[in-house]
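Participant: Have a look at this one before I ask anything.
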Amino acid sequence: MAFPRLTQQAFLEGHVAAFAYFGGVFETERYDNHKPGVKKVLQGHRREETVRFVALRSHYLFTAVFCKVGIVGAHEKGGVENAQGRFRRSHLVPIPASQSLDTYNENLSALCQQDDQRIMAGRHETVATAWARELPTLRPLPAEPFSTAIVTMGTVDQHGRIRVAANRYSVPIGLHGLNVEVHLAAKTVAAFHRGQQVAHHDRLTGRDGDSLQLDHCLEVLIQKPGGFVGSLALHQARQKGEWPALYDHFLTALQTRHGHTDGIKEMVEVLLLHRCHAKPAVVEAVTGSLECGVLDAAAVLYLLR
17 MAFPRLTQQA FLEGHVAAFA YFGGVFETER YDNHKPGVKK VLQGHRREET
67 VRFVALRSHY LFTAVFCKVG IVGAHEKGGV ENAQGRFRRS HLVPIPASQS
117 LDTYNENLSA LCQQDDQRIM AGRHETVATA WARELPTLRP LPAEPFSTAI
167 VTMGTVDQHG RIRVAANRYS VPIGLHGLNV EVHLAAKTVA AFHRGQQVAH
217 HDRLTGRDGD SLQLDHCLEV LIQKPGGFVG SLALHQARQK GEWPALYDHF
267 LTALQTRHGH TDGIKEMVEV LLLHRCHAKP AVVEAVTGSL ECGVLDAAAV
317 LYLLR
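This is the structure:
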């Protein structure tokens, strides 16, 4: 399973996904000395483990055994190293192109299932057949998977953003000055207020970046329409494919009919309709408004009813 970065959340989520894939938990797991799991290397095989890794072990009830540091440790799990190298050479050289990380992981899972159908040298049955016999020896999965996200509190700044792991993420501007509960996972960042999710973003991989959602700042843009066209939120919406080309035509038509500033205000009013109507329905209503030549937010709302 691939992740954008080797964070502790990725380390933990990889375990949860692996246990689900195998359908159970191995009694003993053997590890290198990765920082997400090991806080300090002690003498021999003894380790001071990270708090979150201890929590994961306690949830799934398995024993962790750590290899020695360096190349010596690699020889303690030679079978794993060899199997990993064979799989990589067979399927991941060169690294296959993919449209997204999710698609890449779906393909990776399919390759694993394909690999289960091979017959190893000296054996007379597939890996899948042998595994079906071994599966009952695993510890059953717990009723609920381990929650891998780090939960913290964050204060919403005056621009409607929260700072999480050296980056900034937007939340509804109406929450500025308030505290929200932040769930930081390997690939996502979510914010909650009074038990309700108010924002969900893909986690940024760099530092000092911004992930903005246009819907979060509409109340500001309707008051300050001059900032709409050049806003970072609109730019990111275009990059993500969340801004239909149709909306550019509609915005131009609105500005021609109502003037530059009022046309933008009408467009923002249309965008607000997404909060209570499905996107396909709004797009269809905008199309109808253009076809009828009745160009304002009220017409779009009428066509939605």
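If you count by my numbering, then the sequence shown holds residues 17 to 321, one letter each, in order. Every residue, glycine too, gets a C-beta built ideally from N, C-alpha and C. Everything numeric in this text was worked out from a predicted model, so none of it was measured.
#1: I want to know whether the stretch 157-172 touches the stretch 134-145 - three or more CB-CB distances under 8 Å.
#2: Got a sec, what are the start and stop residues for the alpha helix (DSSP H) ASN123 sits in?
#3: Could you tell me the distance, in whole angstroms, from the CA atom of LEU200 to the CA atom of ARG21?
#4: Enumerate in chain order the residues of its own chain whose CB-to-CB distance from GLU235 is below 6 Å, with the five nearest sequence positions on each side excluded.
#5: Alpha carbon to alpha carbon, what distance is there between PHE244 and ASN123?
#6: Residues in its own chain within less than 8 Å of TRP259 by CB, not counting five upstream and five downstream?
#7: What first and last residue would you give for the beta strand (DSSP E) that runs through GLY170?
#8: Please report how far the alpha carbon of MET17 lies from the alpha carbon of PRO296, in whole angstroms.
#9: Are the CB atoms of LEU311 and ARG273 nearer to each other than 7 Å?
#10: Between which two residues does the beta strand (DSSP E) holding VAL198 run?
#11: Name the DSSP bridge partner or partners of ILE178?
#12: Quick one: grab the DSSP three-state call for ARG321.
#13: Quick check: what's the CA-CA separation for ASP278 versus GLN239?
#14: Just to confirm, is the Cβ distance from VAL354 to TYR76 under 7 Å?
#15: Can you name the start and end residues of the beta strand (DSSP E) that THR204 belongs to?
#16: According to DSSP, is SER114 part of a helix, a strand, or is it coil?
#17: Per DSSP, which one or two residues make a beta bridge with VAL57?
#18: Comparing the CB of ARG21 with every heavy atom of the ligand SAH, is any distance shorter than 6 Å?
#19: Closest by CA to HIS265, which one among GLY304, HIS293 and LEU288?
#20: If we call anything under 7 Å between Cβ atoms a contact, is PHE82 one with HIS61?
#21: With distances taken Cα to Cα, identify the nearest neighbour of LEU72 among LEU270, ARG210, HIS293 and PHE35.
#22: Looking only at its own chain, which residues have a Cβ that is under 7 Å from the Cβ of TYR120, when we skip the five neighbours before and after it?
#23: What did DSSP end up calling VAL236 once you bin it into helix, strand or coil?
#24: Quick one: what does DSSP say VAL302 is sitting in, helix, strand or coil?
Facilitator: Based on what the coordinates show:
#1: no
#2: 117-131
#3: 13 Å
#4: Cβ neighbours of GLU235 beyond the five flanking positions: ILE189.
#5: Near 39 Å, if we compare the C-alpha coordinates of PHE244 and ASN123.
#6: LEU230, LEU250 and ALA253
#7: Bounds of the beta strand (DSSP E) holding GLY170 are 166-171.
#8: 33 Å
#9: yes
#10: 195-200
#11: In DSSP, ILE178 forms a bridge with TYR185.
#12: Assigned with DSSP and collapsed to three states, ARG321 falls in coil, not helix or strand.
#13: The straight-line gap from Cα to Cα measures roughly 11 Å.
#14: Any answer about residue 354 is impossible in this case: the structure gives the chain only from 17 up to 321.
#15: 204-209
#16: The three-state reading of DSSP puts SER114 in coil, since its state is none of H, G, I, E or B.
#17: ARG63
#18: Ligands are entirely absent from the displayed structure, and the ligand SAH is therefore not among its contents.
#19: GLY304
#20: yes
#21: PHE35
#22: ALA18 and SER114
#23: helix
#24: helix
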